[in-house]
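Working notes for the structure below.
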Amino acid sequence: MLTVRMKNYFNYALLFFTLLFIYIYNFHYTNYVTNVEIHKIEEDLLKLKENANLQINRLREEVKHDKELINLYKDKILELEMKVKQKDNVIYENNIVKPMINKFEENKSKSISLENKINDEQKVLKEPIIANEFSSIRSFTKSCRMNIKNLFSKNNTDVQMLNAYETIPFLNIDGGAWKQGWDIKYDKKEILSEPRLKVFVVPHSHQDPGWLRTFENYFDEQVDYILSAITDFITKNSDMRFIYAEMSFLEKYWDKKNSTEREKIKQLVKDDKIEIVTGGWVMTDEANSHYFAQIMQLIEGHEFLKNQFDNYKPKNHWSIDPFGLSPTMAYLLKKSNLTNMIIQRVHYEVKKYLAEKRQLEFNWRQLWDNNEGKTDIFTSMFPFFSYDIPHTCGPDPSICCQFDFYRMVKYGCDWKINPVKIISKNLKERAQLLTDQYRKKSRLFKYNTLLVPLGDDFRYETKEEVSIQYENYKKLFDYINSPEGLQEFNMEVKFGTLKDYFDEVNKKLTKETTTTLTGDFFTYADHDDHYWSGYYTSRPFYKKFDRLVQQYLRGADMIYSTSIMKYSKDINLLESYKNKVNYNLLVEGRRHMSLFQHHDGITGTAKSFVVEDYSEKMLKAIENFFIVIQKSIEFYLENNKNNKEDFDGRENTKNDEAIKLTVNEFLESSDSLPSTYVLNQDTTIILYNPLSREIEDIFCLKIDSYEMRIKNIDENDQEIRPIIEILDKHFTFSYNSKNQNRKRNFYELCFKANIGPLSIKIFDLIKKRLPKECFAKINGSDINIKTLDIYGNYLNDEEDNYIFDVNRVTKNNEKFVTLKFDSISISINAKTGFLSHINNEVVEMSFSKYGVRSPVKSKPGGEIVSGAYLFLPDGPSTMISSDDNSYIILDGKLKKTVIIKGNQKTLSSHKIEIIKDKLYVSIENEIGLMELFDFEMTMNINSEIDSKDIFFTDLNGYQIIRRKRFDKKIPIQGNFYPMPSTIYIEDSTKKGKRLSLISNQPLGCSSLASGKMEVILDRRLTQDDSRGLAAGVLDNVKTKSNFRIILEDLEKEEPSGDFPTSFLSKVSQLTHQQMHYQPIMLFSNTLLNFNNKEVISKMFSPLKESLPCDYHIVGMRAETKKCDYDMKKDGEVVYDSENSIGLILQRYAFDCSLVYQKNHNEDKCFESEGELNLREKINLDSGKIFNSSLTMMYVNEEEEVYKIKLTPMEINTFKIKF
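Residue 1935 in the numbering used here sits at position 444 of the sequence shown, and the numbers go up by one each step.
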């Protein structure tokens, strides 16, 4: 049923069409117009109408989504009407329409050709023309219409980190005992008149789920003993406290222990003697992790607590070891209903800067909050070097180490003064020494309340250690809290938790005293010039592997959620589905993915055998997700197969045969690049779109015959391409090298298709040769047919005709080769094959290397060199030679690809590709540094953009932050930042260009000169960087990296200014989205013959229609039922899903100051006004929707949700119960 606004629109359109007909009739059938004039008018009219139809077709779609545009479009139509009136100078009145038609009838026999033209024009009006590749219409249009001005704020917070960097001198002055600070002093008499200082000593044990040992080894050899020792000791000593963060270890402990031991620790948590902090599966890295993964690992931990700890809800966050900190994590915690944070690893100069102002505790606000404070979360930062005991009681580590009493038994102190046992003889002196450190530390904070961590990595492993620490501190506390001690020290000290500390601080907080801070804490340096920017890239193979796991986890979760929603109306059907699809596979895969988010996992900073263990787990996760995806879609098709209206069981598939599907991707091992299967004829292809909007894209299959096509798809939308590989330093056509008796050549079939939101689409691959024009042409700079076509049967068909046309490109230093579609054009350097221009603008690609600096012991910190954590180069990068490059161009009508054989030492190859109707350039690099040493390879992008010293990077794939290069006071390594997915530069003026580089793997990046971007692709290092790993990085494998480059025109109302944030354009954001969540392809080795594939495909989706493109489904995740750890099957806990899911939505913020030429098939997705009616969008007959916290620990089931309105950038979870 048409809405009112749609009816209004069609009234306007009808008016316009009527006016056009009047125009036609008037000119063709009056006696005052000559034939020449008629011909001229016809041409003008056709041009006018073609332009009008293009605009009206766009208007029709836009008005469906925005009633505010109706008046604007009415004006446009009226403007077109006026143009027609001005052209023919005829007054349009109702009473002249009929005579014109009568006149036409009278002259009908004389004007058959004109009548045919009019009929053709009527058809055009019904089926508007879409501008094609060769269209000459070029008008500029805004990329979107979202107004996000209110998301930009400048300097209205107390501390903006980019401004702080402008102020901080970065001089690395030696501060004495507190080497990175100063000598803290206080008046011992004055403190006695101040309010009493409250000190909370918080025992903790930092436990890495993989680093120097594997996750399982750590648990078996240390964690199991730690948790048992702590639990037993606190049970007997009620004033002892402990905090714990790692749910991955706690769940394993839970699985191993009996119900009595479980109840013991559960009671301690309930009594607030043990506090679960954060509650995530791991203490996640915050530089490389994607926000989807951060959310999933939080949900995994919180769900375990909800089910096994009687709905326990963490309130405080503990992040003491991640190497730099992101506001994205702060936002996700805020949305999860946590209220306070503890952080540690921040640049030592930043700590000093904040400490001097007593601003180490602040409300951390999002960059785009616009000073409303809705995203604020209270944050406390450790002021000193580390989270270990020597660096947490106060500014002097030589004194604090003396109060780590277990060092009497083990370790000792680096400062050569070891702890001594507390006895009555030394009690007062020891208390004076300790309280002096407490007092000095307290002078850095505002609220007369002090947090003193008491722990380190894997501490409290034995009851002896717990007892030694407790008994010595207990004596000190008793004395300090005694009347004598209170009179001398004026402080109260006790064991506590984060809850105890923050409860006390919150009593003293006021809006007037609380500092507000925006920004992030990258790049971290712990001392001297030791910037931790190396781990942004270390082990890039596994960083990319992580993104692949996330892609399939999200797909499996969404398909599983879709399935249980669909079958919930039929209990028997739901039970059958759950019997076919093992939910345990999904739970295990989620946990493996979550484990890798650990700050020594995705960072690439673990021992080689630990990295291998992570990788094996991720491979198992992907295999699990494949099974869930395959079996879910099999079940759906089988369920519909038995419906005679939808399925015809002819030919290969009979009604009693089970459908067998395979995901068209596989990994031979955990350190090999993904591959796709070779498909045969008579195969059914199924594509799943994991996005909540309809997509149109080019999909490609690897096939074993060039005589194949996709059935029922226009030949113009299909293309056969050769597959070219590099073998023994030569280009070679792809063939089956394993079976020497049967030579099989491999080709690629690409086709264009659209898929509905969260839908599947079914295609049949059949044997039928496409026309010659559907075969890509082969052009090359160094084509050798003998090495290219090893067996001489790839290029020729059975009749000895060329299958592909082959041409040679002449190398020339001064010339370029241009490839173009109507939507985009590129030029490549004719000598190297590297990218040189996009749309006639300079965008040059090259590659360079960094070496490792030599140790210089005379320089502070100079003895340390690059390793897994640190990036310490030997100077600026130097260009890698491209003199021996050669390349082949595949020139097709759907894709145009440049394949480059690059530098031989780095075993590098590169692909540059443009796709019909797309605005981006795809880049794929494959490199292998296995034979090189102390070598870091970078990709460089050079342009003429006047970006000066400003560039932009993303944080966790979620938001954009402004960066500035500080050449004079920060070294090269300190100007590199994490690039989880994006870096871009733009002209500093109102009008100009923006150049964006988007990836689907995290790496390190920078802009070291105006107009330039640099990304480190891989690093191979022989030495350790003294950060605990005790190893270099020498386990490199062949690694692939993928990017998309987008060049956009800027038309800002005002210059960028000094806003600390920015936003992707609509095109860039949607490109980023689809790059991370690509369609999933499956196939069946037999043809599945359905009567109505379109209906079956659309019925699969949980959505009735596409969501507006500013609404993104971050994930759909089935909730897990509480399981019984004592009821196992084959030694494994049995998991099952609830009849409810979490729907996690994000609303994008688009930068609409970008404009495009309207000369391509535009993405037909339109943004909302903010409001979204979920009930109308979701296929949910009897279910209910409720508002929820991000991790579903808090759900408001008292009020159903129908319509929602998220602000741009907001993420929210909704519980759907059915």
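Virtual Cβ for every residue (Gly too), placed ideally from N, Cα, C.
Nearest-angstrom Cα separation, counted from residue j out to residue i
i: GLU2427; j: TYR1839; result: 26 Å
i: GLN1857; j: ALA2321; result: 47 Å
i: ARG2608; j: GLU1794; result: 12 Å
i: HIS2221; j: LEU2398; result: 12 Å
i: TYR2074; j: MET1820; result: 29 Å
i: ALA2500; j: TYR2027; result: 20 Å
i: ASP2375; j: ASP2273; result: 10 Å
i: THR2094; j: ARG2030; result: 8 Å
i: ARG2184; j: ALA2244; result: 14 Å
i: THR2053; j: PHE2117; result: 16 Å
i: THR2223; j: ILE2215; result: 6 Å
i: PHE2307; j: GLU2332; result: 13 Å
i: ASP2642; j: GLU1962; result: 60 Å
i: LYS2696; j: LEU2164; result: 42 Å
i: GLU1975; j: ASP1812; result: 38 Å
i: PHE2550; j: LYS2668; result: 36 Å
i: THR2009; j: PHE1643; result: 12 Å
i: ALA2149; j: ASP2255; result: 18 Å
i: GLU1847; j: LYS1954; result: 40 Å
i: VAL2124; j: LEU2077; result: Here residue 2124 is Ile; the residue named in the question, Val, does not match the sequence. About 15 Å.
Residue i and residue j closer than 8 Å at C-beta
i: LYS2034; j: GLN2492; result: yes
i: ILE2211; j: TYR2168; result: no
i: TYR2685; j: ASN1828; result: yes
i: PHE2012; j: LEU1845; result: no
i: TYR1677; j: LYS1931; result: yes
i: MET2683; j: GLU2610; result: yes
i: PHE2312; j: CYS2241; result: no
i: VAL2334; j: ILE2120; result: no
i: HIS1939; j: LYS1999; result: In the sequence as presented, His is not what sits at residue 1939; that position holds Asn. Yes, they are a contact pair.
i: ILE2186; j: GLN2565; result: yes
i: GLY2358; j: LEU2494; result: no
Under the three-state DSSP convention, the category residue i falls into
i: HIS2328; result: strand
i: TYR1677; result: coil
i: TRP1745; result: helix
i: GLY2271; result: strand
i: ASN1593; result: Because the pLDDT of ASN1593 is 39, which lies under 50, any placement of that residue in the model is unreliable, and the question is left without a value.
i: LEU2128; result: helix
i: ASN1708; result: helix
i: ALA1922; result: helix
i: ARG1636; result: coil
Counted within 10 angstroms of its Cβ, other Cβ atoms place residue i as buried (16 or more) or exposed
i: ASN2447; result: buried
i: ILE1664; result: exposed
i: VAL1527; result: In this predicted model, VAL1527 has a pLDDT of only 45, less than 50, meaning its place in the structure is not dependable enough to derive any value.
i: LEU2525; result: exposed
i: ARG2235; result: exposed
i: ARG1687; result: exposed
i: GLY1667; result: exposed
i: VAL1900; result: exposed
i: GLN2739; result: Missing from the structure shown is residue 2739; the chain here goes from 1492 to 2709 and no further.
i: SER2768; result: Only positions 1492 to 2709 of the chain appear in this structure, which leaves residue 2768 out of reach.
Any chain C beta carbon closer than 8 Å to residue i
i: MET2683; result: The chain labelled as chain C is not found in the depicted structure, where only one protein chain is given.
task: Examine the Cβ distances between the segment 2253 to 2269 and the segment 2287 to 2303 and report whether three or more of them are shorter than 8 Å.
output: yes
query: Is the segment 1724 to 1732 close to the segment 1796 to 1810, with three or more CB pairs under 8 Å?
result: no
Validate contact between the segment 2341 to 2356 and the segment 2437 to 2447 using beta carbons, cut 8 Å, 3 pairs: no
query: Touch check for the segment 2416 to 2425 and the segment 2506 to 2513: three-plus C-beta pairs under 8 Å?
result: yes
query: With contact counted as at least three CB pairs below 8 Å, one residue from each stretch, are the segment 2463 to 2472 and the segment 1770 to 1781 in contact?
result: yes
task: Check whether the segment 2479 to 2489 touches the segment 2448 to 2463, taking contact to mean three or more Cβ pairs, one atom from each stretch, closer than 8 Å.
output: no
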